[in-house]
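Novice:
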Amino acid sequence: MTVVTTSRKPAPEVRTLARDLAFSIGAGYVTRGKAGMGDLFALDGSVLVVSKSGPFFLIQVYDDGEPAAEIRVGSFAVEERPGAIARGLFVSDRPVYEALKDHVDVVFAGESLTGHRIVFDGTQRKRYTLKVAP
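Our numbering puts the first residue of the sequence shown at 164, with every later residue one more than the last.
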């Protein structure tokens, strides 16, 4: 099972982003607290760590305790979701899709999304649009 967590002392926006990301991909959300990375790696499956580093949000993917990918997000927007919920991540950036496809439920959206974006539906009728930084 995939697990999503945050840095140890996340800002509220980072915590909300991580929880809704976990909801979207059907992963478990673990409150980090004092847990070290070894404690997270002891859980079965991939681990996604959401954090904020300077002007960027980071989504770090670990598989069997080894770094598998790091995605830098310049900004994100949250809007009300129209219609039915769509599970998984919809990605318009081929390298991001390739980095995530073995670890989470992801679909390459190609031309249907403009720019380098990750779109997913969270809880409470929220839709997130993440702008991937180069």
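For every residue, glycine included, the Cβ atom is placed at its ideal position computed from N, Cα and C.
Out of curiosity, what's the CA-to-CA distance linking G251 and F283?
Specialist: The residue labelled residue 251 in the question sits at position 88 within the sequence shown. The residue labelled residue 283 in the question sits at position 120 within the sequence shown. Cα-Cα distance, rounded: 6 Å.
Novice: Could you tell me which whole alpha helix (DSSP H) segments of length 4 or greater appear in the region 231-297?
Specialist: Correct list: 257-263.
Novice: F239 and A296 look like a contact to me (Cβ under 8 Å); what is the Cβ gap, rounded to whole Å?
Specialist: Mapped onto the sequence shown, residue 239 falls at position 76. Mapped onto the sequence shown, residue 296 falls at position 133. That pair is no contact at about 11 Å.
Novice: So which of S187, G201, D207 and R171 has the shortest CA-CA distance to T194?
Specialist: The residue you call residue 194 lines up with position 31 of the sequence shown. It is R171 whose Cα lies nearest to the Cα of T194.
Novice: State the DSSP-derived secondary structure class of T169, mapped to helix, strand or coil.
Specialist: For the purposes of this step, residue 169 is taken as residue 6 along the sequence shown, with counting starting at 1. T169: strand per DSSP, three-state reduction.
Novice: Who pairs with F219 in a beta bridge, going by DSSP?
Specialist: The residue you call residue 219 lines up with position 56 of the sequence shown. According to DSSP, which records beta bridges pairwise, F219 is partnered with S216.
Novice: Assuming V213 contacts V177 under a Cβ cut-off of 8 Å, what Cβ separation, rounded to an integer in Å, is found between them?
Specialist: Counted from its first residue, the sequence shown places residue 213 at position 50. Counted from its first residue, the sequence shown places residue 177 at position 14. The pair is a contact, with the Cβ atoms about 6 Å apart (cut-off 8 Å).
Novice: Measure the C-alpha to C-alpha separation of E233 and Q223 and round it to an integer number of angstroms.
Specialist: For the purposes of this step, residue 233 is taken as residue 70 along the sequence shown, with counting starting at 1. For the purposes of this step, residue 223 is taken as residue 60 along the sequence shown, with counting starting at 1. Approximately 4 Å between the Cα atoms of the pair.
Novice: Can you tell which of E261, T165 and G278 has the C-alpha that lies nearest to the C-alpha of K294?
Specialist: The residue labelled residue 294 in the question sits at position 131 within the sequence shown. Of the candidates E261, T165 and G278, the one whose C-alpha sits nearest the C-alpha of K294 is G278.
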